[in-house]
Amino acid sequence: MAIVKYSKRPASALFCRLPANGLRPVITPSFLRFAARTLALCTALAAPAALAQSMAGGIPLRDGPPATTTLDEPPPEGGWDSLARLLEAAKPGVDTRLAPSPSQITDHIERLINSGRYEEALKLIDARTQASRNLPGTDVQLMFQHARVLGALGRDQEAEAIYTEMTTRFPELPEPWNNLGALYASRGELDRAQDALNMALRVNPNYPAARANLGDLQLMIALRTYRQEAERGVPGMKEKAQDLEKLLKDKSHS
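Going by full-length UniProt numbering, the sequence shown opens with residue 1, and the numbers climb by one from there.
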């Protein structure tokens, strides 16, 4: 609908035509007042109509285009310039992948650890730790993986420090206690290993890894006792120690 514009041409209703006899009509003051009121009334009525038509017949009001992010695809463009940009973006080596989420990173680290690629895992852990240094909270899974990698690389003291910190900060988790027990046992500290595994089972009595480790540990403690008694000359202790050593070796290879 077209927008109505105000016309400057005088309306014929306000002025009389000259009569055929050439006499001019008499314009009285009352007529002038009437004409003024009529003009004002017409103007007042025309203004809202013009406004309404301009809103109805003009461009509809909108909130503007929706916001886009770097994840959205750019709007399609026409012409050779657009084609050139598309070809440029499709060149090999242009990485259009999204950044991995924290869970995806820890899953990848887990695969590296399980495949024995400890140095690669450690580099990724260090990079992730540095990137999230100023973020709130703690990535417990990443912290646990850090200790595991350090232990696998023979950096036992660093691994022990992380596990010990986790037992203090996250006492509801049995895994740090279990791994501390395994770390102590590997160093021959059987009593400390037993205490750590018992703590893991106190947190979770049905934790299978701790129960299995505690069973193996009890065999190691028995072996230590048999050896000590064999050194004292107790009959039969040497043979028992040898049998138990063989059993433990078979378990380690199974």
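Built from N, CA and C at the ideal position, the CB exists for glycine as well.
Looking at the unbroken alpha helix (DSSP H) that takes in residue i, where does it start and where does it end?
i, result
"D139", "D139 -> no alpha helix (DSSP H), and no H or E assigned at all."
"G181", "175-186"
"Y226", "208-231"
"N198", "190-203"
"R169", "156-169"
Please state whether DSSP places residue i in a helix, a strand or coil.
i, result
"R117", "coil"
"V234", "coil"
"L153", "coil"
"K240", "helix"
"residue 257", "This structure cannot settle anything about residue 257, because the visible part of the chain is limited to 1 through 254."
"A127", "helix"
"E172", "coil"
"L112", "helix"
"P102", "helix"
"S252", "helix"
CA-CA distance, residue i and residue j?
i, j, result
"L142", "I109", "9 Å"
"L153", "E120", "12 Å"
"F231", "L223", "For clarity, residue 231 is Glu in the given sequence; the question names Phe instead. Each residue's alpha carbon lies about 12 Å from the other."
"E245", "S254", "14 Å"
"A131", "Y163", "22 Å"
"residue 272", "E175", "This structure cannot speak to residue 272, because the chain is shown only from 1 to 254."
"D216", "L124", "33 Å"
"E229", "G151", "33 Å"
"I113", "Y226", "36 Å"
"I221", "A196", "15 Å"
"P136", "T129", "12 Å"
"V203", "N178", "11 Å"
"H146", "D243", "37 Å"
"T168", "A161", "11 Å"
"L180", "Q104", "26 Å"
"residue 256", "N134", "Absent from the structure is residue 256, since the part of the chain shown begins at 1 and ends at 254."
"D126", "G233", "53 Å"
"A200", "G188", "19 Å"
"A182", "D191", "12 Å"
"R155", "S186", "13 Å"
Check whether chain B comes within 8 Å of residue i, counting only Cβ atoms and requiring the distance to be less than that.
i, result
"L112", "The question asks about chain B, but that chain is absent: this structure has only one protein chain."
Report yes or no: do the segment 235-253 and the segment 204-211 share at least 3 C-beta pairs separated by less than 8 Å? no
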